[in-house]
């Protein structure tokens, strides 16, 4: 229910009075006559009046003379107060668990790993001890050294894991200590903010808190101290509790007891995980149902039938024996596929051990139950349906001749033969009919590896292009060919660009200079056009392209950008083109300093060069940014572009345009750099990594300006309309932008120095059966070899750079003392605050 | 992507030796293979993900993460060894 402001004020006052009364001594309270409600002495009448008002708002009805409304409202608000507390605790608990989730999982994994490594170390130690004891081995130094190296590696590995465990333990516990500290401070402040006469008590650390908070305060305090001690304990004794903290085994019971008492942690108990369905469970259920049906047929089939025993001992009809046994065998493969690795995915729905693919698919093909899932059978059925559809179409074309009967000079032709059949059609339909017949012939060819084309039909992989060509040239399929809308738009854009380029080149005698750009645009056009017939389209930027053309398309774009930049850069431009000089930042004829302060993103008055784009925009695309009165515009080849604006009024749109120009300049800077390494794309703008912050700030400024245009609650600051809530952040962003621009940006680092990982789309293929078998036989050896390599690398690095040490007793004591002294300081400060 | 699958990355082919999940991210342990699908000496850790029904990988270059993954895959290996 929405509350009106009056209702909210009344409610807040009432809540304050209830809270206040809960923390006062009995002697400070009075009971509202006729009720059990207690409030601070002298506030009885006020409570009644406010309760009466709130009653009217809340229930939308006037009071009768019954005093019960006081109790009613009191109970209602007390309940809401408790609910809010609960909600607060629930949300806090969620944050705590969410925050710790990854680290706890990681901690548990590492603990498991440590146990295994340790077990192996012990086994190896025993082997080593026995080996050196035996006098017969005295001469076998090689094996002895091998054992020593293995032992050393295991020991070093243990050290690495222990170090990580300690880090995780400390991080997890410190996060929780921070949460507890905030809660303790909050409770102490609650006391400080309450008036005299409040019922209060000393917490365990001698801080004063409200009496009602004391138990919670003490429990949290004890938990915090336990966590501090846990941070110094040996990792071997650690256990993770409630997915939020890590303590030693001996602290576990105390902590569990404490957690159950503290409302904040009651909701952090781990939720038992539901067992996830296994990957083959769905199809296994279906098979089980099919088996039941077959078994059931024994009882439901009338007459004498031959009964047989299936491989699982069930009695079934003889005619079902093969199907039944196949299903049982398939079931076994699928059950194994639920648990074993590695697996291969069959027909996009079943998982089977990699080595059993051939046997399994052989069984599937022999089992009628799987016909409905067999992609090839499905595709063949689709083809049969399409063939029937096309034959009907041919009949329709043939019927047109019958309709024309009576026209003696009708030009009719016979189509190519389809088997022993041919159609007589009008001459104008002949090509269409022959193409349809060719399509049918393609669809009729039996094949085991059919590829679906545009959801129309399925053909062998080597016929896809031919099939597409035929489909493209028939009238019948004209509405069923998927449109590549994005490509169409891109094609239209290229046509426009080419048109403008030609006009511009002719007008300025630049045909030769711009020939490369023309050719590149033409090639881009052809690639996009060709994509219509391709069967391996992948998304690239905003269009769909054949996989093999992506690299070239990328090259063309890069080259076009480079050319554009070259034409934009006055130094490199061989033409007589002069840039338009437009001052940014001091835009008005009647200067208003405050406008510049807030509205302009460039505080200097130095004229800046706005480059003229090489292609000719229409006049209405011309730069409409601020131009000072009387400012001379340089001679431009595109006269229409130069629109001097006098008596300019700064508004949101002007500034938005100005920022867009700035953003455009940033995007131009990427030319010549590999975008994978040096650039980042934000909201469609690709800029150098070092310009990221500037771009983000400009985007934010524009967002504020856009928001301001539509804002209902707005503030006009120096002519600019801003959403009232964004005035400060807008100003801060302007200051930030100024700083960013003042700070010199370093030269871009070479590729090798940038450690950005490359993310790439990958294709996956399976090994063929004999290679897979060999690989699986050798897999463990290959892994072992690789791990040995990795471990030696890590150990070498550790030897060179890191010193691993577990704190000894003296160091531990020092750490403990450090914590104690920290606590002392903390308590003392809070004491002073009192 | 499963163990024994072959993936192409940077025009090179790798076979997946093992995989694991760490802090909700999937990681692969791979060895580069030659044109006859035989393993070479180049081992890599990749972070794998699925976006828009396509597989993506990126090489793990963070040394700390490499250490953690080495420990985990070593653990997997030892477990497999013990299981026979």
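Residue numbers (the numbering used here), protein chains in the order written: chain A, 10 to 843; chain B, 17 to 100.
Just so you know, even glycine gets a beta-carbon here, dropped at the ideal spot from N, CA and C.
Endpoints, the alpha helix (DSSP H) within which residue i is located
{"i": "residue 322 of chain A", "result": "It is not in any alpha helix (DSSP H) - residue 322 of chain A carries neither H nor E in the DSSP assignment."}
{"i": "residue 466 of chain A", "result": "Per DSSP, residue 466 of chain A belongs to no alpha helix (DSSP H); it is in the beta strand (DSSP E), 466 to 469."}
{"i": "residue 140 of chain A", "result": "77 to 142"}
{"i": "residue 14 of chain A", "result": "14 to 31"}
{"i": "residue 328 of chain A", "result": "It is not in any alpha helix (DSSP H) - residue 328 of chain A carries neither H nor E in the DSSP assignment."}
{"i": "residue 433 of chain A", "result": "Residue 433 of chain A -> not in any alpha helix (DSSP H); beta strand (DSSP E) instead, spanning 433 to 435."}
{"i": "residue 251 of chain A", "result": "Neither: residue 251 of chain A is in no alpha helix (DSSP H) and is coded neither H nor E."}
{"i": "residue 317 of chain A", "result": "It is not in any alpha helix (DSSP H) - residue 317 of chain A instead sits in the beta strand (DSSP E) that spans 316 to 318."}
{"i": "residue 738 of chain A", "result": "736 to 751"}
{"i": "residue 479 of chain A", "result": "473 to 482"}
{"i": "residue 676 of chain A", "result": "661 to 677"}
{"i": "residue 296 of chain A", "result": "290 to 309"}
{"i": "residue 376 of chain A", "result": "From DSSP, residue 376 of chain A is part of no alpha helix (DSSP H); its letter is neither H nor E."}
{"i": "residue 188 of chain A", "result": "150 to 201"}
Residue i: contacting residues in chain C (beta-carbon distance under 8 angstroms)
{"i": "residue 111 of chain A", "result": "Of the chains in the structure shown, none is chain C; the protein chains are A and B."}
Short Cβ contact (8 angstroms threshold) for residue i with residue j
{"i": "residue 443 of chain A", "j": "residue 457 of chain A", "result": "no"}
{"i": "residue 500 of chain A", "j": "residue 538 of chain A", "result": "yes"}
{"i": "residue 5 of chain A", "j": "residue 720 of chain A", "result": "Within the shown structure, residues of chain A are numbered from 10 to 843, placing residue 5 of chain A beyond reach of any answer."}
{"i": "residue 20 of chain A", "j": "residue 37 of chain A", "result": "no"}
{"i": "residue 769 of chain A", "j": "residue 73 of chain B", "result": "yes"}
{"i": "residue 289 of chain A", "j": "residue 346 of chain A", "result": "yes"}
{"i": "residue 325 of chain A", "j": "residue 307 of chain A", "result": "yes"}
{"i": "residue 255 of chain A", "j": "residue 173 of chain A", "result": "no"}
{"i": "residue 170 of chain A", "j": "residue 126 of chain A", "result": "yes"}
Residues that DSSP places opposite residue i in a beta bridge
{"i": "residue 48 of chain B", "result": "B:30"}
{"i": "residue 209 of chain A", "result": "A:219"}
{"i": "residue 360 of chain A", "result": "A:354"}
{"i": "residue 70 of chain B", "result": "B:67"}
{"i": "residue 42 of chain B", "result": "B:37, B:64"}
{"i": "residue 553 of chain A", "result": "A:548"}
{"i": "residue 800 of chain A", "result": "None, per the DSSP bridge assignment."}
{"i": "residue 38 of chain A", "result": "A:49"}
{"i": "residue 706 of chain A", "result": "Its beta-bridge partners do not exist; DSSP assigns none."}
Cβ neighbour criterion (16 or more within 10 Å) applied to residue i
{"i": "residue 816 of chain A", "result": "Because residue 816 of chain A carries a pLDDT of 38, less than 50, the predicted location of this residue cannot be relied on, and the following value inherits that uncertainty. Residue 816 of chain A should be labelled exposed."}
{"i": "residue 30 of chain B", "result": "buried"}
{"i": "residue 213 of chain A", "result": "exposed"}
{"i": "residue 291 of chain A", "result": "exposed"}
{"i": "residue 717 of chain A", "result": "buried"}
{"i": "residue 28 of chain B", "result": "exposed"}
{"i": "residue 197 of chain A", "result": "buried"}
{"i": "residue 398 of chain A", "result": "exposed"}
{"i": "residue 667 of chain A", "result": "buried"}
{"i": "residue 26 of chain A", "result": "buried"}
{"i": "residue 144 of chain A", "result": "exposed"}
{"i": "residue 635 of chain A", "result": "Low confidence applies to residue 635 of chain A: its pLDDT is 34, below 50, so where it sits in the model is not reliable, and the reading given next is rough at best. The residue in question, residue 635 of chain A, is buried, as its Cβ has 16 or more Cβ neighbours within 10 Å."}
{"i": "residue 58 of chain A", "result": "exposed"}
{"i": "residue 774 of chain A", "result": "exposed"}
{"i": "residue 376 of chain A", "result": "buried"}
{"i": "residue 627 of chain A", "result": "The pLDDT assigned to residue 627 of chain A is 33, lower than 50, so where the model puts this residue is not dependable; a value taken from the coordinates is nonetheless given after this. Residue 627 of chain A is exposed by the Cβ-count criterion."}
{"i": "residue 148 of chain A", "result": "exposed"}
{"i": "residue 95 of chain B", "result": "exposed"}
Terminal residues of the beta strand (DSSP E) in which residue i lies
{"i": "residue 21 of chain B", "result": "Neither: residue 21 of chain B is in no beta strand (DSSP E) and is coded neither H nor E."}
{"i": "residue 730 of chain A", "result": "729 to 732"}
{"i": "residue 273 of chain A", "result": "It is not in any beta strand (DSSP E) - residue 273 of chain A carries neither H nor E in the DSSP assignment."}
{"i": "residue 423 of chain A", "result": "421 to 423"}
{"i": "residue 461 of chain A", "result": "459 to 462"}
{"i": "residue 777 of chain A", "result": "Per DSSP, residue 777 of chain A belongs to no beta strand (DSSP E) and is neither H nor E."}
{"i": "residue 689 of chain A", "result": "688 to 691"}
contact_flag[the stretch 43 to 56 of chain B, the stretch 123 to 133 of chain A] where n(CB pairs < 8 angstroms) is 3 or more: Flag = no, the stretch 43 to 56 of chain B and the stretch 123 to 133 of chain A do not touch.
Taking 8 angstroms as the cut-off, does the stretch 215 to 223 of chain A touch the stretch 24 to 36 of chain A (at least 3 CB pairs, one atom from each stretch)? Put simply, the stretch 24 to 36 of chain A touches the stretch 215 to 223 of chain A. At least three CB pairs are less than 8 angstroms apart.
Within the chosen definition, does the stretch 730 to 746 of chain A reach the stretch 701 to 715 of chain A through at least 3 CB pairs nearer than 8 angstroms? Taking 8 angstroms as the limit for Cβ pairs, the verdict is that the stretch 701 to 715 of chain A does touch the stretch 730 to 746 of chain A.
Kindly confirm or deny that the stretch 115 to 126 of chain A and the stretch 78 to 90 of chain B touch, where touching means at least three C-beta pairs closer than 8 angstroms. Three or more Cβ pairs closer than 8 angstroms define a contact, and the stretch 115 to 126 of chain A meets that threshold against the stretch 78 to 90 of chain B.
Do the stretch 92 to 105 of chain A and the stretch 149 to 157 of chain A meet, that is, are 3 or more Cβ pairs less than 8 angstroms apart? No: the two stretches stay apart, fewer than three of their Cβ pairs being nearer than 8 angstroms.
So, does the stretch 55 to 73 of chain A touch the stretch 234 to 251 of chain A, judging by three or more C-beta pairs under 8 angstroms? Contact between the stretch 55 to 73 of chain A and the stretch 234 to 251 of chain A is absent, with fewer than three C-beta pairs closer than 8 angstroms.
Report yes or no: do three or more beta-carbon pairs, one from the stretch 508 to 524 of chain A and one from the stretch 465 to 478 of chain A, lie closer than 8 angstroms? In short, these stretches do not touch, since the Cβ pair count stays below three.
Can you confirm whether the stretch 425 to 435 of chain A touches the stretch 400 to 408 of chain A when touching is taken to mean that 3 or more C-beta pairs between the two stretches lie within less than 8 angstroms? Yes, the stretch 400 to 408 of chain A touches the stretch 425 to 435 of chain A.
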